[in-house]
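With this note's numbering, letter number 126 in the sequence shown gets 203, and the count goes up by one each step, no holes.
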Amino acid sequence: MGILSRLTRRNYTENEAPNVAWDQTKDGNEGAERELMEYDGTAYECVVNASENGEWEAAFGLAEDRSHQRLFLFQDEVLYSTTELERPKLCAVANDGTTLVASRADWQEIGGEVIVFNREGDRILTHSCDSNISGVNITPNGRYGAALVLKPNCKTYLFDCVEGKVVCVHENHEGNKQLARFEQVNNEWHLYLSHKNREHPLYAIDMSGEIAWKSDRFREEPFSLLKWLKSHM
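As structure tokens, this is what we get:
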């Protein structure tokens with residue numbers, strides 16, 4: 078353990094997020110299944126993500142000849158629609174088949190793109206990001222989506238997946254975020270955010286980007302070693 082960790086470590090009693098079944102293996106594509114599938118005579122090795130109700134599965138993968146990648150949408154294990162994609166990285170699918178995909182930039186660049194498709198495979202929204210995308214999520218009803226963007230941008234983007242627009246942009250508190258989960262609280266959607274190595278969410282924002290809930294690990298201002306040393310002299 079480094080000196081900074083020893084100086085700043087505290088004994089926390091976890092302030093549980095209300096109504097959140099937090100499972101970090103379900104965010105992004107950690108824990109997602111991988112399947113080999115064939116389409117139009119070409120095999121694809123795909124990452125598969127399921128909707129909350131299990132009715133829909135979104136899969137994306139690279140063709141065996143490495144010439145292109147493709148997104149597949151299945152309803153009850155039957156192919157519903159498919160479209161070619163460039164460099165897909167993450168995806169999330171709603172209970173109505175709405176699918177949010179994050180792509181990566183060319184290997185020489187940073188950045189990425191968020192694309193929202195309806196279940197017919199039509200693009201509802203396309204949004205470019207100037208930093209790498211680390212996580213995505215979508216509400217079960219397909220209304221809202223989210224993309225987490227790493228430094229130097231270090232922001233969370235909220236999207237209206239019906240109207241096809243950015244709802245708000247939230248400046249991440251305490252650095253990069255890689256885990257996200259939408260939950261309804263008092264009939265309003267909140268997005269719970271955390272670091273990749275945290276078991277529980279750090280805080281939540283509402284659909285205006287304002288902080289709606291804080292865990293007991295939440296710091297009101299970024300940690301300053303100089304301030305800490307002065308306060309303990």
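Don't be surprised by glycine CBs; every beta carbon is placed ideally from N, CA and C.
Since the structure is predicted, the reported quantities are computational estimates derived from the model, not experimental observations.
As assigned by DSSP and simplified to three states, the class of residue i
i, result
"P165", "strand"
"C238", "coil"
"N126", "strand"
"Q261", "strand"
"L227", "coil"
"R143", "coil"
"G252", "coil"
"D273", "In the sequence as presented, Asp is not what sits at residue 273; that position holds Lys. Looking at K273 - three-state DSSP - the assignment turns out to be coil, as it is neither helix nor strand."
"S211", "strand"
"I187", "coil"
"A171", "coil"
"A182", "coil"
"D104", "With a pLDDT of 49 at D104, under the threshold of 50, the modelled position of that residue is not reliable, and no figure is offered here."
"R294", "coil"
"S285", "coil"
"E197", "coil"
"L279", "coil"
"E154", "coil"
"T176", "strand"
"T119", "strand"
"R220", "coil"
Contact check, residue i vs residue j, beta carbons under 7 Å
i, j, result
"T233", "L225", "yes"
"A127", "E134", "yes"
"A179", "L167", "yes"
"K254", "L235", "no"
"G138", "E122", "yes"
"R181", "R200", "no"
"N214", "F151", "no"
"V191", "C238", "no"
"A257", "A281", "no"
"S205", "P229", "no"
Residue i burial status per 10 Å Cβ neighbour count (16 or more: buried)
i, result
"E240", "exposed"
"L148", "buried"
"G189", "buried"
"T176", "buried"
"L156", "exposed"
"H250", "buried"
"G131", "exposed"
"W266", "buried"
"R296", "exposed"
"N263", "exposed"
"H247", "buried"
"G252", "exposed"
"L113", "exposed"
"V243", "exposed"
"W290", "buried"
"G118", "exposed"
"P278", "buried"
"S144", "exposed"
"S211", "buried"
"D293", "exposed"
"T102", "Low confidence applies here, because T102 scores a pLDDT of 46, under 50, leaving its location unreliable and the question unanswered by this model."
C-beta neighbour in chain C for residue i, strict 7 Å
i, result
"H277", "Here there is only one protein chain, and chain C is not present."
One or two residues paired with residue i in a DSSP bridge
i, result
"F149", "A136 and T159"
"V246", "Y234"
beta-carbon residue i near the ligand ZN non-hydrogen atom, thresh 6 Å
i, result
"L256", "With respect to small molecules bound, the structure shown includes none, and the ligand ZN cannot be examined in it."
**Q.** Any 3 or more C-beta pairs closer than 8 Å across the segment 169 to 186 and the segment 210 to 223
**A.** yes
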